[in-house]
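Remarks on the structure that follows.
Residue numbers (the UniProt record's numbering): 1 to 344.
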């Protein structure tokens, strides 16, 4: 085995650049005099997960052997057997591509002739910190690109849900995911100002994560920017494991109509407790919480939406979100609480 470098070469790139090069150039004399005629396969792998990133064999690429995550996103020199240029081009790198990559060259017997490792570092997106419960938060994004009426600006979240779309000179609320409907706003004159920032109202702990702004024209991406939103929970509650119960406090200053729906969920989006049509709805609860939760029977009158969780254990440590919906499913109120259950 030829180790071209004892220490992996480091490459750094901005997220969503057009492409990044993972370099591997075999010295001309070494390649032609010793290895070229023996090469049967060149394989790039993701070291952490051992996934195949790109495979070259029998004189051509083998896309069928690639991991789906990398399909259509990689390229190698078509004449690598002649040039000894084994570098890999990876298109549109994101934070999920940050990894150690290994390129191995095999002979027909499957023996490794040479190997090189490259560490790809994807720069951390701009971070915005905010406390849950504030009125709104701004996710900044400006562009130097020329924008016209055919330009499409789209914000998506970490789950690739559509947060906001601007196209044909106006917002397109019909394309938004329901979770963000009525909660977002962009500059009405963004084509002139080139300010593509997004205002998100009532941010909660559930909103934390990477938001991506994509600018395109005729389906050609012109620019991409990512913003990491960090949301601190409004309240923190600590309890010892084994206690009889713990209270997650939530009160509303306003009277609530009789057709409201009150939902408690955890950060894994499991339903902890549901109140609707004047009573609890245990059939909607996640099995993990069944028989372990309780709310005020007169919560509408008392304006007390607090949740009692019985027999808290360490695995109950989580962020819990209380969300109040109107009869037509608009969000009236949200609150999140960080629960820390200490071991005995």
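Glycine included, C-beta positions come from ideal geometry on N, C-alpha and C. In this text, all values refer to a predicted model and were calculated from it rather than measured experimentally.
Would you please state the rounded distance, in angstroms, between the beta carbons of residue i and residue j? I believe it to be under 8 Å.
i	j	result
residue 86	residue 26	6 Å
residue 32	residue 116	Rounded, the Cβ-Cβ distance is 18 Å, inconsistent with contact.
residue 267	residue 205	7 Å
residue 201	residue 271	Residue 201 to residue 271, Cβ: 24 Å. No contact.
residue 60	residue 107	Wrong, their Cβ atoms sit about 18 Å apart, outside the cutoff.
Using three-state DSSP, classify residue i as helix, strand or coil.
i	result
residue 69	helix
residue 157	coil
residue 162	strand
residue 90	strand
residue 107	coil
residue 64	helix
residue 143	coil
residue 234	coil
residue 169	coil
residue 31	helix
residue 340	strand
residue 127	strand
residue 36	helix
residue 286	coil
residue 149	coil
residue 58	coil
residue 77	coil
residue 228	strand
residue 302	helix
residue 97	helix
residue 15	coil
residue 192	helix
residue 281	coil
residue 178	helix
residue 294	strand
Given that a residue counts as buried once 16 or more other Cβ atoms are within 10 Å of its Cβ, and exposed if not, what is residue i?
i	result
residue 273	buried
residue 159	exposed
residue 138	exposed
residue 15	buried
residue 203	buried
residue 291	exposed
residue 164	buried
residue 287	exposed
residue 343	exposed
residue 265	buried
residue 151	buried
residue 80	buried
residue 297	exposed
residue 126	exposed
residue 335	buried
residue 1	Per-residue confidence for residue 1 stands at a pLDDT of 47, beneath the threshold of 50, marking its modelled position as unreliable; the derived number appears in the next sentence. Exposed, by the Cβ-count rule.
residue 282	exposed
residue 173	exposed
residue 93	buried
residue 111	exposed
Hey, how far is the Cα of residue i from the Cα of residue j?
i	j	result
residue 143	residue 235	37 Å
residue 211	residue 179	14 Å
residue 103	residue 42	7 Å
residue 289	residue 255	28 Å
residue 238	residue 311	13 Å
residue 155	residue 46	29 Å
residue 12	residue 95	11 Å
residue 8	residue 77	21 Å
residue 325	residue 100	46 Å
residue 261	residue 209	26 Å
residue 232	residue 221	33 Å
residue 89	residue 19	7 Å
residue 216	residue 168	12 Å
residue 62	residue 230	41 Å
residue 278	residue 285	16 Å
residue 83	residue 28	8 Å
residue 331	residue 54	46 Å
residue 132	residue 329	21 Å
residue 30	residue 214	44 Å
residue 275	residue 269	16 Å
residue 48	residue 191	42 Å
residue 105	residue 140	44 Å
residue 280	residue 98	45 Å
residue 52	residue 244	51 Å
residue 309	residue 153	43 Å
residue 166	residue 207	21 Å
residue 36	residue 113	10 Å
residue 56	residue 10	23 Å
> Given 8 Å as the limit, is there contact between the stretch 293-312 and the stretch 222-237, that is, 3 or more CB pairs closer than that?
Replying inline: no
>> Could you check whether the stretch 141-155 touches the stretch 192-202, counting it as contact only if at least three pairs of C-beta atoms, one from each stretch, sit closer than 8 Å?
In response: yes
>> Under 8 Å, with one C-beta from each stretch per pair, do the stretch 109-126 and the stretch 64-72 reach the 3-pair mark?
In response: no
>> Would the stretch 241-257 count as touching the stretch 170-190 if we require 3 or more Cβ pairs under 8 Å?
In response: no
> At a cut of 8 Å, does the stretch 318-325 reach the stretch 335-342 through at least three beta carbon pairs?
Replying inline: yes
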